[in-house]
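Numbering (my numbering), first residue to last: 3 to 160.
Glycine included, every Cβ here is placed at the ideal spot set by N, Cα and C.
Quick look at the structure:
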């Protein structure tokens with residue numbers, strides 16, 4: 003038998019889709035707010051969601067799903083939220099560096115990169131928070147009884 007890890011925290015495909023949608027709408031709302039003077043808020047929001055749907059789906063399945071699989075043994079949901087915030091911040095930073103071009107102004111790069119990292123981190127954290135109640139916990143008998151030092155879980159988490 004191969005190496006097995008406990009799968010304590012399990013999210014289904016529907017939860018991944020919902021988290022992706024929430025993250026996309028959060029990021030789109032920030033971007034629409036930033037460009038509202040040129041396009042108006044609602045047209046910019048719809049445009050951003052429309053053009054961002056496919057990249058969001060690809061990133062969710064290529065980066066979000068593997069991160070969720072790696073976090074399955076971790077029972078603390080706040081660590082999941084923090085991990086997704088870190089992933090979003092890293093993605094925002096990478097996208098900002100790519101979008102800045104080969105020779106950006108330092109002040110532009112700093113503000114743009116910080117804004118992109120903050121937007122990405124907050125968006126992914128809110129997406130993970132949105133599916134908090136959709137988590138299924140698979141616990142062994144000792145954990146259900148509170149034998150691991152953690153309090154016993156209520157019936158809604160068994």
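(message) Counting C-beta neighbours from all protein chains within 10 Å, is the total for residue 130 16 or more, i.e. buried, or is it exposed?
(response) In summary, residue 130 is buried, with 16 or more beta-carbon neighbours lying within 10 Å of its beta-carbon over all protein chains present.
(message) For a minimum of 4 consecutive residues, which ranges assigned as the alpha helix (DSSP H) are wholly contained in the region 66-124?
(response) With a minimum length of 4 residues, the continuous alpha helix (DSSP H) runs that stay inside the region 66-124 are 67-72 and 79-102.
(message) Quick check: what's the CA-CA separation for residue 16 versus residue 63?
(response) Those two C-alpha atoms are separated by around 12 Å.
(message) I need the straight-line Cα distance from residue 26 to residue 58, nearest angstrom please.
(response) Answer to the nearest angstrom: the Cα atoms are 7 Å apart.
(message) Would residue 44 and residue 79 qualify as a contact pair, given that the criterion is a beta-carbon distance under 7 Å?
(response) No, Cβ-Cβ distance for residue 44 and residue 79 is not below 7 Å.
(message) Comparing C-alpha positions only, which one of 75, 23 and 73 sits nearest to residue 1?
(response) Because the chain in this structure spans residues 3 to 160, residue 1 falls outside the shown range and cannot be described.
(message) residue 138 and residue 12 - do their beta-carbons sit closer together than 7 Å?
(response) Going by C-beta atoms, residue 12 is nearer than 7 Å to residue 138.
(message) Can you tell me whether residue 82 is buried or exposed? The criterion is at least 16 other CB atoms within 10 Å of its CB, across all chains shown.
(response) Buried.
(message) Just list the residues that DSSP pairs residue 11 with in beta bridges.
(response) Beta-bridge annotation (DSSP): residue 11 is paired with 139.
(message) So, for residue 35: in the same chain, excluding its five sequence neighbours on each side, which residues have a beta-carbon less than 7 Å away from its beta-carbon?
(response) The residues are 43.
(request) Return helix, strand or coil for residue 16, following the three-state DSSP convention. (result) Here residue 16 sits in helix by DSSP.
(request) Report, in whole angstroms, the separation of the C-beta atoms of residue 94 and residue 52, which I expect to be a contact under 8 Å. (result) 20 Å between Cβ atoms; not a contact.
(request) Would you mind working out which of 46, 128, 99 and 21 sits nearest residue 116, comparing C-alpha positions? (result) The option with the nearest alpha carbon to residue 116 is 99.
(message) Please tell me whether residue 89 and residue 102 are closer than 7 Å, where the distance is taken between their beta carbons.
(response) It is not a contact, given that the beta carbons lie outside the stated cut-off.
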